[in-house]
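Student: Okay, handing you the structure first.
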Amino acid sequence: MIKDQYEQTTYFISIVSRLVNDFFTGLLIGLILFPVYSLVSVINKKAGKYLIKFLFALIVIINVSLVKYSLTTLLNLGADLLGYSNKDIYTTIKSSEAFSLAYFLPFIIFPLLLFSIFYFLKKFISKNISIISAIILFIGFGIFKLTSHSYHTQDSNKIAYLVNDVYKFKKEKNELNSYLFSKRTDYPLLKPFNETEDVLAPFFKIANEKPNIIIIIVEGLGAEFVGSGSYGGFTPYLDSLMSKSLYWENFVSNAGRTFGVLPSILGSLPYGDKGFLELEKVPSHISLLSVLKANNYTTSFITGDRAEFDNKNRFLENNQTDIIIDESNFGKDFIKTEKNIDGFSWGYADEQIFEKTLTTFDAKKQPRFDVIMTLSNHEPFEFPEKESFIQKVDSLVQTNHSLKISDNEITSYKDIFATLLYTDTSIKNFMERYSQRPEYTNTIFIITGDHRLIPVPQKDKLCRFHVPLYIFSPMLTKTSKFKSVSSHWDVAPSLLSFLMKNYKFNKLEETSWMGKGLDTAVKYRNLKKIPLMKYKGGINDYIYKEYLLSDDELYKIDESFNTYKIEDTIVLSELKDSLKAFKKLNAYITLNDKIYPDLMNIYIKKKVEFTKDELLTIKNLADGLNNDQTFLVARELAFNKEYNKALLLCNYILNIQSDHPDVRLLKGRINAWQGNYNEAELEFLNALKRHPSYDEIYLALFDLYWWSNQDNKSIEIYKKATENEVTNSEVSYKLAKAYERMNDTLKAQKIMDSIIKIYPENIEYLNHNQSLE
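Under numbering that gives the first Met the number 0, the sequence shown has 14 at position 15, and the numbering climbs by one with no breaks.
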């Protein structure tokens, strides 16, 4: 009863707080727009009224959009807006929202409500009463704001929060960028490799052969959804795996969204200002991918969406990943998730991802390092046979009486629980099938979540980052559960320490990990300082000892990994200072390429070194331009036959973004135009390896084989285009021409006939077909 009354009071205060914050934000916006209104009214009074109504209606629409974003993500939109490309923003919105009439109604209703209020005030309320009412509201709301000690970011006006957060981000960025790092100024993260203790060896039977490593990163898998968590009960396989594994109960992701997981878990890397994957100039670094590849591992990455989302492909390319499989190259034997009512699909569902992974193993040389990212446990929570899994959820609810979920939560989030069950089943099927392979006994599996899924309400500030960590292997000699705190940053240091100290590896003298390695203490403790990037641009959360700093508020973390707010100015100041010190370090090492010395980095392909004159030319041609804009300059130079300058810009872009297919294509074409056919072919095939469905690459190769008198190679290229479902008619047309040059007119004619059936009015195709007769 007392709890219900407390929750009702808290809810009431939250509603009043939102009204107060909206009122003062509206007042401030009115004061800002008043000079504009006055200036236009002097010229035309009617135009001034229409303009101010239009601007306020626009502001209302923007605020409604931000409220809808907040309701979906349970976060206010802030500086993270600066960290996403327009394409990624569009993809995220399409995945999270169903565009229907009901979706657009708020954008119509609230502006109409605003105009209705304007009309009502003008028609029925005198100016004096309006002024007196405004003064009363100002005083009343002002007293509430001054005396209320309850503040939550979710209660902020959404426009005010966005503007303030972007301003804070820009201001802090300028301060950090201009900060002169006063401590060690060479490579502050460098430390001897032996500093990282090998904590895993006591749990393993060490064999002669290097073990295969499979890391499974499960979308949205928060710790609350496994085991005895508050939303547990829908991951029976993962629950059963806990007792068979090394399992960390109090484990955290370093970021609140997927953008942070690859650099954190594979490289123990800092964030930069908007996430490591967003850095335009990628600093020299090492990772599990690059170090294991240098030690004869075949490295691969498999996901069901686009690898370029969140710039995953740039990180994978910089670390020279051998095989990258994403939405573009699954092949015709696999089926994408059905599109939702808005025509959106992330790509391939989890079952298909694991099925594709299994098909790749025989072609890979062992030992292998495979990274698998699941996808289905994300809005819009669509996957094959969804109805059957919803029925399984109903069955679990009826039979499992230990569930902690209320009837209302089951109804509200049934599709999410069904997705969890589907993902869990997909992992189970993969593990069971893999267990039939001979290398199973020599494989180590690491399973974790990228972050806690967003749409289900979060109990506190920490649970967004609270994810499970399993290390499972037939090589384990004993299992254990650990209550000590570790993070994704600690995985790479511990895994590499285990491998290098127990198997034949090239010696690694120094490392630059952000993490210190996994803590295998069974009892609860935290020896680490863990900054958390909730969203791109927001390093505002910090775990230190038994405390959590979140948006300048202090919380105590108990042994169950729950938090409660406390007041302690000394501890709060200590955490703020510690977080600020990290931000300075983070800015310095990422801006100045001071993570890992390039001269020591034998693990990645060396970048092209430019002379002083070349750097000056690049500056003159591309200063202030992003990679895509620089590419357009290079293309124009190539068209004007300024090949050396164009190639210089191509190499400059590829130094930053090695997986840029259009730049590879341009570089290949320039080499072909200059008669350097071998170099051109290497560039085209490199681009094709990463983008097998990109039709322009096939067209470029057909041209190259024509110019270099290698038309016979066109046949294999056409087969590859067919396998990857490339439907551009020009590809077939160029093959027909190649057959014609090889004096095989019958095959050329057959291809042309098939093209003309589809394009019967294409004059070029018709004329060419007649010339063959």
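Each residue gets a CB set at the ideal place from its N, CA and C atoms; glycine is no exception. Quantities reported herein were computed from a predicted structural model and do not represent experimental measurements.
Name the DSSP bridge partner or partners of A254?
Tutor: What you label residue 254 is simply residue 255 of the sequence shown in a count that begins at 1. In DSSP, A254 forms a bridge with M532.
Student: What number of angstroms, rounded off, separates the C-alpha of E509 from the C-alpha of D567?
Tutor: Numbered from its first residue, the sequence shown carries residue 509 at position 510. Numbered from its first residue, the sequence shown carries residue 567 at position 568. Roughly 39 angstroms separates the two Cα atoms.
Student: Measure from the alpha carbon of P210 to the alpha carbon of each residue in I556, Q397, D309 and P366, then state which is nearest.
Tutor: The count along the sequence shown starts at 1 and reaches residue 210 at position 211. Of the candidates I556, Q397, D309 and P366, the one whose C-alpha sits nearest the C-alpha of P210 is P366.
Student: What is the DSSP secondary structure of L700, counted as helix, strand or coil?
Tutor: Counted from its first residue, the sequence shown places residue 700 at position 701. Looking at L700 - three-state DSSP - the assignment turns out to be helix.
Student: Quick check: Y554 and K666, are their CB atoms within less than 8 angstroms of each other?
Tutor: Locating residue 554 in the sequence shown gives position 555, where the first residue counts as 1. Locating residue 666 in the sequence shown gives position 667, where the first residue counts as 1. Not a contact, by the Cβ cut-off of 8 angstroms.
Student: Less than 8 angstroms separating the beta-carbons of G537 and G77?
Tutor: Taking the sequence shown and counting its residues from 1, one reaches residue 537 at position 538. Taking the sequence shown and counting its residues from 1, one reaches residue 77 at position 78. Yes, Cβ-Cβ distance for G537 and G77 is below 8 angstroms.
Student: Could you give the distance in angstroms between the alpha-carbon of Y602 and the alpha-carbon of A633?
Tutor: Start at 1 with the first residue of the sequence shown, and residue 602 comes out as number 603. Start at 1 with the first residue of the sequence shown, and residue 633 comes out as number 634. About 30 angstroms.
Student: Compute the Euclidean distance between the alpha carbons of Q319 and G228, then round it to the nearest angstrom.
Tutor: Here the question's residue 319 lines up with position 320 in the sequence shown. Here the question's residue 228 lines up with position 229 in the sequence shown. If you take the alpha carbons of Q319 and G228, they lie about 38 angstroms apart.
Student: Considering only the beta carbon of each residue, do T616 and K644 sit closer than 8 angstroms?
Tutor: Counting from one through the sequence shown, the residue named residue 616 turns up at place 617. Counting from one through the sequence shown, the residue named residue 644 turns up at place 645. Yes, Cβ-Cβ distance for T616 and K644 is below 8 angstroms.
Student: Is DSSP giving I14 helix, strand or coil here?
Tutor: On the sequence shown, residue 14 is found 15 positions in, with the first residue counted as 1. Helix, per DSSP.
Student: Please say whether P269 and N585 have beta carbons closer to each other than 8 angstroms?
Tutor: Taking the sequence shown and counting its residues from 1, the one referred to as residue 585 is at position 586. Taking the sequence shown and counting its residues from 1, the one referred to as residue 269 is at position 270. Yes, they are a contact pair.
Student: Buried or exposed for Y697, please, with buried defined as at least 16 other CB atoms from any protein chain shown within 10 angstroms of its CB.
Tutor: Here residue 697 refers to the residue found at position 698 when the sequence shown is read from its first residue. Burial call: buried.
Student: What does the alpha-carbon distance come out to for the pair V370 and L111?
Tutor: One-based indexing of the sequence shown puts residue 370 at position 371. One-based indexing of the sequence shown puts residue 111 at position 112. Cα-Cα distance, rounded: 51 angstroms.
Student: With a Cβ-Cβ cutoff of 8 angstroms, do L647 and V290 count as a contact?
Tutor: On the sequence shown, position 648 is the one that residue 647 refers to. On the sequence shown, position 291 is the one that residue 290 refers to. Contact: no.
Student: How many Å lie between H767 and S753 at the Cα?
Tutor: Working through the sequence shown from its first residue, we reach residue 767 at position 768. Working through the sequence shown from its first residue, we reach residue 753 at position 754. About 13 angstroms.
Student: Buried or exposed for K756, please, with buried defined as at least 16 other CB atoms from any protein chain shown within 10 angstroms of its CB.
Tutor: In the sequence shown, counting from the first residue as 1, residue 756 sits at position 757. Its Cβ having fewer than 16 others within 10 Å, K756 is exposed.
Student: Give me the residue from W247, E208 and K204 with the minimum Cα distance to A222.
Tutor: On the sequence shown, residue 222 is found 223 positions in, with the first residue counted as 1. When each option's Cα is compared against that of A222, the closest is W247.
Student: Considering only C-alpha positions, which residue in the set L18, L50 and D197 is nearest to F137?
Tutor: Against the sequence shown, residue 137 aligns to sequence position 138. Out of L18, L50 and D197, L18 has the C-alpha closest to the C-alpha of F137.
Student: Please classify D369: does DSSP put it in a helix, a strand, or coil?
Tutor: For this step, residue 369 is matched to residue 370 along the sequence shown. Residue state, collapsed to three classes: strand.
Student: Which residue marks the beginning of the beta strand (DSSP E) containing D79, and which one marks its end?
Tutor: Within the sequence shown, the letter at position 80 stands for residue 79. Counting along the chain, D79 falls outside any beta strand (DSSP E), and DSSP gives it neither H nor E.
Student: Given K2, which residues of its chain have a CB within under 7 angstroms of its CB, disregarding the five upstream and five downstream residues?
Tutor: Locating residue 2 in the sequence shown gives position 3, counting from the first residue. At K2, the pLDDT of 39 sits below 50, so the modelled position is not reliable and the matter cannot be decided from this model.
Student: Is I453 helix, strand or coil by DSSP?
Tutor: Indexing the sequence shown from 1 puts residue 453 at position 454. Note: I453 maps to coil in three-state DSSP.
Student: So, N62 versus K157, is the Cβ gap smaller than 8 angstroms?
Tutor: The sequence position of residue 62 within the sequence shown is 63, counting from 1. The sequence position of residue 157 within the sequence shown is 158, counting from 1. In contact: N62 and K157 (Cβ atoms closer than 8 angstroms).
Student: Is it buried or exposed, T744, if we count other Cβ atoms within 10 angstroms and call 16 or more buried?
Tutor: Along the sequence shown, one-based indexing puts residue 744 at 745. So T744 ends up on the exposed side.
Student: Starting from V217, follow the beta strand (DSSP E) in both directions and report where the run begins and ends.
Tutor: Counting from 1 along the sequence shown, the entry for residue 217 is found at position 218. Per DSSP, V217 belongs to the beta strand (DSSP E) from N211 to V217.
Student: CB-CB under 7 angstroms to F143, same chain, minus the five flanking residues each way: which ones, in chain order?
Tutor: The residue labelled residue 143 in the question sits at position 144 within the sequence shown. Contacts found: V15 and V19.
Student: What residue range is occupied by the uninterrupted alpha helix (DSSP H) comprising E408?
Tutor: Taking the first residue of the sequence shown as position 1, residue 408 is located at position 409. Here the alpha helix (DSSP H) through E408 covers D406 to S411.
Student: Which term fits E763, buried or exposed, when burial requires 16 or more other beta carbons within 10 angstroms of its beta carbon?
Tutor: If you number the sequence shown from 1, residue 763 lands on position 764. Looking at its Cβ environment, which holds fewer than 16 other Cβ atoms inside 10 Å, E763 is exposed.
Student: Could you spell out where the beta strand (DSSP E) holding T442 opens and where it closes?
Tutor: The sequence position of residue 442 within the sequence shown is 443, counting from 1. Unbroken beta strand (DSSP E) run through T442: T442 to G448.
Student: On the three-state DSSP scale, how would you describe E279?
Tutor: On the sequence shown, position 280 is the one that residue 279 refers to. E279 falls in the coil class under three-state DSSP.
Student: D449 and I216 look like a contact to me (Cβ under 8 angstroms); what is the Cβ gap, rounded to whole Å?
Tutor: The residue you call residue 449 lines up with position 450 of the sequence shown. The residue you call residue 216 lines up with position 217 of the sequence shown. With a Cβ gap of about 5 angstroms, D449 and I216 count as contacting.
Student: Can you list, in chain order, the residues of its chain with a C-beta nearer than 8 angstroms to that of K292? Leave out the 5 residues immediately preceding and following it.
Tutor: Position 293 of the sequence shown holds residue 292. Only T298, N318, Q319, T320, D321, F368 and Y602 meet the Cβ criterion.
Student: Counting C-beta neighbours from all protein chains within 10 Å, is the total for S582 16 or more, i.e. buried, or is it exposed?
Tutor: In the sequence shown, counting from the first residue as 1, residue 582 sits at position 583. Sequence check: residue 582 is Lys here, not Ser. Classification of K582: buried, given that the 10 Å Cβ count is 16 or more.
Student: How many Å lie between L220 and N376 at the Cα?
Tutor: Numbered from 1 along the sequence shown, position 221 holds the residue referred to as residue 220. Numbered from 1 along the sequence shown, position 377 holds the residue referred to as residue 376. When rounded, the distance between both Cα atoms is 8 angstroms.
Student: Could you pull out every residue in the same chain whose Cβ sits closer than 7 angstroms to the Cβ of D304, ignoring the five residues on either side in sequence?
Tutor: For the purposes of this step, residue 304 is taken as residue 305 along the sequence shown, with counting starting at 1. So the qualifying residues of the chain are D325, E326, W345, G346 and L374.
Student: Closest by CA to F382, which one among I415, L395 and V490?
Tutor: Taking the first residue of the sequence shown as position 1, residue 382 is located at position 383. For F382, the nearest C-alpha among the options comes from I415.
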